[in-house]
Amino acid sequence: DVIAVEKTLFDDVIAVEKAIVNEVVLVEEGLVGLEKGIEKTIEDDIVSFSRGFTLLKGKATETVKPRMVITRADERAMDEKASDVAEAERMLDAMQDKMEEMEKNKGPFGFFRKLFS
322 DVIAVEKTLF DDVIAVEKAI VNEVVLVEEG LVGLEKGIEK TIEDDIVSFS RGFTLLKGKA
382 TETVKPRMVI TRADERAMDE KASDVAEAER MLDAMQDKME EMEKNKGPFG FFRKLFS
């Protein structure tokens, strides 16, 4: 009986030790799995973030380029308008000069003054 009890106790201890070893192994494997999963998730997040950022940068560049083109077109239009305004001002000045000339040549001897000037 003593031998039987000792054998049972010994078997129980071995069984408990095996169970503990199996638990530790499972926990370690679980931790390793978790760690790898976390690393993979982080890697995937970084990759998708980088892709997203690159796309965003690309979109921003695409958006800026047409704006720059539009701005250049606006600049040209403004330059053309400015030259049109300058031309109109020159014409107005010329007309004013003509009016002043005509004003000067008015009067009783205006025709002769113009003739001999």
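Count along the sequence shown starting at 1, add 321, and that's the number in the working numbering. For each residue, glycine too, the CB sits at the ideal point set by N, CA and C. In this text, all values refer to a predicted model and were calculated from it rather than measured experimentally.
Item: Inter-residue Cα distance where the pair is Ala409 and Met399; Value: 15 Å
Item: Spatial distance of Ala353 from Lys378 (CA atoms); Value: Before going further, note that residue 353 is Val rather than Ala in the sequence given. The alpha-carbon atoms of Val353 and Lys378 are separated by roughly 37 Å.
Item: Range covered by the alpha helix (DSSP H) that runs through Asp405; Value: 323-425
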